Structures are given as structure tokens and as C-alpha cells.
Amino acid sequence: MAVDLDAVGRTLSPIHLRSVVESTARLNIWQGSVRSGKTVASLLRFLMAVATAPSSGRVLLFGKTRESVNRNVFAVLTDPALFGPLARLVKYNPGAPTGTILGREVDVLGANDAKAEPKVRGMTLCLAYGDELTTIPEVFFTQVLARLSVRGAKLFGTTNPDAPNHWLRRKYLLRAGELNLRTWQSTLDDNPHLDPQYVADLKREYVGLWYKRFILGRWVQAEGAVFDMWDEDRHVVPMLPRIDRWISLGIDYGTRNATAALILGVGEDGRLYLTHEWRHDPAIARRQLTDAGLSRELRRWLADIEVPGTQCLKGLNPEWTVVDPAAASLRLQLHEDGMTPALADNAVLDGIRLMSSLLGNDQVKVHKSCQGLIDEIPGYSWDDKAAERGEDAPIKADDHSIDAARYAIKTPEVLWRPMLRRAVDLAA
Numbered sequence: 160m161a162v163d164l165d166a167v168g169r170t171l172s173p174i175h176l177r178s179v180v181e182s183t184a185r186l187n188i189w190q191g192s193v194r195s196g197k198t199v200a201s202l203l204r205f206l207m208a209v210a211t212a213p214s215s216g217r218v219l220l221f222g223k224t225r226e227s228v229n230r231n232v233f234a235v236l237t238d239p240a241l242f243g244p245l246a247r248l249v250k251y252n253p254g255a256p257t258g259t260i261l262g263r264e265v266d267v268l269g270a271n272d273a274k275a276e277p278k279v280r281g282m283t284l285c286l287a288y289g290d291e292l293t294t295i296p297e298v299f300f301t302q303v304l305a306r307l308s309v310r311g312a313k314l315f316g317t318t319n320p321d322a323p324n325h326w327l328r329r330k331y332l333l334r335a336g337e338l339n340l341r342t343w344q345s346t347l348d349d350n351p352h353l354d355p356q357y358v359a360d361l362k363r364e365y366v367g368l369w370y371k372r373f374i375l376g377r378w379v380q381a382e383g384a385v386f387d388m389w390d391e392d393r394h395v396v397p398m399l400p401r402i403d404r405w406i407s408l409g410i411d412y413g414t415r416n417a418t419a420a421l422i423l424g425v426g427e428d429g430r431l432y433l434t435h436e437w438r439h440d441p442a443i444a445r446r447q448l449t450d451a452g453l454s455r456e457l458r459r460w461l462a463d464i465e466v467p468g469t470q471c472l473k474g475l476n477p478e479w480t481v482v483d484p485a486a487a488s489l490r491l492q493l494h495e496d497g498m499t500p501a502l503a504d505n506a507v508l509d510g511i512r513l514m515s516s517l518l519g520n521d522q523v524k525v526h527k528s529c530q531g532l533i534d535e536i537p538g539y540s541w542d543d544k545a546a547e548r549g550e551d552a553p554i555k556a557d558d559h560s561i562d563a564a565r566y567a568i569k570t571p572e573v574l575w576r577p578m579l580r581r582a583v584d585l586a587a
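Numbering (the numbering used here), first residue to last: 160 to 587.
Listed below in C-alpha cells is the structure:
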């Protein structure tokens, strides 16, 4: 395969050019911050390996899901700005079990959990590419390595840093000297082709734990308060501005625990506001409500809310009602009662990261009436036992309003994101 070295030189930084040359080990892993250029470098090397791979054995691409492989791998490989005419030699239909790269059929697998491991059994691999390796179950990764049995077989992969006790770091990256493994670490500043304004914005958007991992590229542990940037004096407001758009109602469901609901709006100042809160806690009320009772009380509460900025207008009807994924019975009840509930996005870490960034950049405020949320946030902490296993997880206690807020914010992000003003504008 002929490679245009001038084009490569314009695309890759020196560290990544070096990695393409040096990645001759059995295991080759690019690690570092987001947008540091590791994906392009690893995929260039992968293309070169596909072109020279032995005819015996299969070629495997894997990631958390086939969708993520399509988004993070095939979308990059088919970009002519990056790979020129080679991009035309990559074919893949999203969701398909196979694709074609440089005329060779390749297998595409998702490894969402440990149950995916049997998918690899029986394969004989000459080449594998893994996208975001820290999201892959260890048992799946181990099985892939066992299947790389063709002489000269290699694995190429990328990852952002995670917890320092993560199995990938502890069992592989830290043992590079004793394993047939090469690894390269890079940061945002190693990618000279990014727009400086984009880099500055990205560095502002990540805060705390996420800044250390995704901007600085460090393997650091989640410990202490989840929202360590929270400051009641800074984030809680006594009055609401004019709300230009009522985005969502987020509902966290409980039977013996509290059910909580929060409303999210976009203010005239280009910030998000958590404006109103409703809670039913059986331990405090000394009675449980059925799904019909919860639906009735929620609808009554919405109808009685005095709309901020008006003299006598009552009743709010947010564009989205997003409900706890575990609350199938409540969603059905709300639907029967004339509402249109949607399944909330319950990607916990993604939601926490988004809320952290918004809080850190003063892009979300909480009205003083949302007392349940205000009470919960300071004590919301990372689980030390999970951290010892190399996992990030908050302690599941006193988080009902937090979960409702997370649903309200994360699920309809596509609606409010274009209306949000940048942190630098808000500070002006």
C-alpha cells in the first residue's frame, strides 16, 4: 500500500508519526486525552497492517457497540480529508456484522458486557482493532488476545484514561516492559491541527476528574464528592430570569424510596435553569402512592405552577417528559393519563460528566425552591469500593433529585445545546 508521506505529515504530530513506525509489537495501544490524534494515528497503522496481513485468519474490529465502531472507526476511515483515495476502499453499513477494508472482509463486534465474550470464541485472528478499550469487558479482551494466534498477529487499540486500578492499565499498560506491548501517550496539545478556539472551549468544558482524564490524559481515581465544583452561593439563585424555553421534566421513580421530578428551562441569559421540584417520599409522607396516584399528583403540581414572569398564568407543559428507565409502569400510567413520557438517558457517567461541566462553567443554575436537589448534591460521593475494582460509580443513596436532574439535562441535550452560551460569554 502506497502512503502519501506528505499528507501523513500534515495530519499527524511527531509523536504519532513515531508511533506509526514503532507499532510493531503484538499489542499496540494509543492512550491519552480526547482529540489528541491517537485515533487517526492508530487507524493509519491499522490500514497498513490490513494491507500486509496474512491471508489466513480473520480481521476483527470491536468496540462497546457496533454503533460506536461505526462512529469512531469507520467514519474516520472513510474521510477523504484524512486518508485520501484509501477512504474509497473502506465499506461498511451501520450495524452490519462485517465490512470491507482494502478489499478484505472484516468482522465487526460490539462488546457491551461480559456476555459478548462467546462471540469471539472459535475465531482465528490475524489482526484486531479495539476502539476505546477501557469500555470493553476484560473477559472479552482476554478472549480476543487468545484468538490472535496467526503468526505475526497484532492488536491495535485506543483508550482514554480511566481509573488507575482499571484492568487495562494494571494488567497490561503497566506491564509493557515484560509484555510484547508498545504504548504511546498524547494530549490535546499534541494535535497541532485543532482550531485554538476549539481547544480553549474544550478545556473549559471539562472540569475536575474529567479534566484530569480527558484533557491532561491522566489515570486518576474518582474520589470524594462527585460534584466537587458545587457552591451553593454560586449555583443557587433566589429568582428566575425569563425562561425562553421549557425543555423537560425529569422524573426519578421510587416505590419505597422517594419519587422526584425537576423541570429544566433555558433562560434569556443563555443558561440552563432547574426551576421547580416535586417530591414524594413515603418515609416522610407516611404513605405510598400508586402509579395512578403519582401521575395524578404530578399533573396537579404542573397545572398549579405559577409561570415565572407572568401575573396570573398557571401551568407548565415542558416539551419533554423523561422518566426513569426502570419505571415502565409509571410511563404507561402517564401515557394513559394523556402525557407523552419518553425513556430517560440513564448513562450515569455521561450524565454526571455533563452536569459537572455545566456547573463548572456556570451554565446551569438551580432555583432555591429545588430543596431536595440542593440537599443531595453536597453529599453525593464516589464509591471507594468500586474505585478499588477500577470502576467509577457513585454511592447509590440520597440521589433521587440528582437522578431526576440528570435525566432532565442529559436526555434532551440536542434541544438546549444550540441555545447555550459559551462560558466565556457568560462571564463577560
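Ideal Cβ positions, reconstructed from N, Cα and C, are used throughout, including at glycine.
It should be emphasised that the depicted structure is a prediction, and the values quoted were computed from it without experimental measurement.
Residue environment, residue i, which counts as buried when at least 16 other CB atoms sit within 10 Å
i: L292; result: buried
i: D272; result: exposed
i: G289; result: buried
i: V199; result: buried
i: I374; result: buried
i: Q356; result: exposed
i: N398; result: For clarity, residue 398 is Met in the given sequence; the question names Asn instead. With fewer than 16 Cβ atoms within 10 Å of its Cβ, M398 is classed as exposed.
i: V395; result: buried
i: L307; result: buried
i: I443; result: exposed
i: A419; result: buried
i: L472; result: exposed
i: G474; result: exposed
Cα-Cα separation between residue i and residue j, rounded to whole angstroms
i: E276; j: L314; result: 17 Å
i: G222; j: A270; result: 6 Å
i: G629; j: I174; result: Nothing about residue 629 can be read from this structure; the chain reaches only from 160 to 587.
i: G316; j: V481; result: 36 Å
i: G324; j: E337; result: Here residue 324 is Asn; the residue named in the question, Gly, does not match the sequence. Approximately 19 Å, taken between the alpha carbons.
i: P553; j: T414; result: 21 Å
i: G243; j: K569; result: 36 Å
i: A240; j: L206; result: 15 Å
i: L171; j: A546; result: 35 Å
i: V583; j: E364; result: The predicted position of V583 is uncertain, since its pLDDT is 46 and thus under 50; a value taken from the coordinates is nonetheless stated next. For V583 and E364, the distance between alpha carbons rounds to 11 Å.
i: Q522; j: I402; result: 14 Å
i: A556; j: Y370; result: 26 Å
i: I561; j: I536; result: 7 Å
i: S345; j: S515; result: 24 Å
i: L496; j: S454; result: Checking the displayed sequence, the identity of residue 496 turns out to be Asp instead of Leu. If I take the Cα positions, the gap works out to 8 Å.
i: D266; j: C285; result: 12 Å
i: A305; j: G258; result: 23 Å
i: H494; j: L502; result: 12 Å
i: Q492; j: V525; result: 29 Å
i: V423; j: D509; result: In the sequence as presented, Val is not what sits at residue 423; that position holds Leu. One C-alpha to the other measures close to 18 Å.
i: R185; j: G311; result: 7 Å
i: V193; j: E550; result: 19 Å
Close Cβ partners of residue i (< 6 Å) along its chain, the five nearest in sequence each way excluded
i: L248; result: L261
i: S178; result: A200 and W343
i: T294; result: K223
i: W460; result: W437
i: T237; result: A246 and V249
i: E382; result: W541
Beta-ladder partner(s) of residue i, from DSSP
i: W479; result: S407
i: W437; result: A420
i: R620; result: Because the chain here runs from 160 to 587, residue 620 falls outside it and cannot be looked at.
i: H526; result: V396
i: P591; result: Residue numbering for the chain in the displayed model covers 160 to 587; residue 591 lies beyond these limits and cannot be assessed.
i: F315; result: N187 and Y288
i: K473; result: E465
i: Y251; result: According to DSSP, Y251 bridges with nothing at all.
Terminal residues of the alpha helix (DSSP H) in which residue i lies
i: S560; result: H559 to K569
i: Q492; result: A487 to E495
i: T211; result: K197 to T211
i: V385; result: It is not in any alpha helix (DSSP H) - V385 carries neither H nor E in the DSSP assignment.
i: D450; result: D450 to D463
i: W369; result: G367 to F373
Cβ shell of residue i (< 8 Å), same chain only, five flanking positions each side left out
i: A161; result: Residue placement at A161 is poorly supported in this model, since its pLDDT is 49, which falls under 50; the coordinates are not used for a value here.
Sequence-distant residues of its chain with Cβ nearer than 7 Å to residue i (five each side left out)
i: P320; result: Q190, R372, G376, R377 and W378
i: N229; result: Y251 and P253
i: G538; result: D557
i: L532; result: L421, L433, E436, V525, S560, I561 and A564
i: P441; result: R415 and Q447
Element boundaries [beta strand (DSSP E), containing residue i]
i: A501; result: P500 to L502
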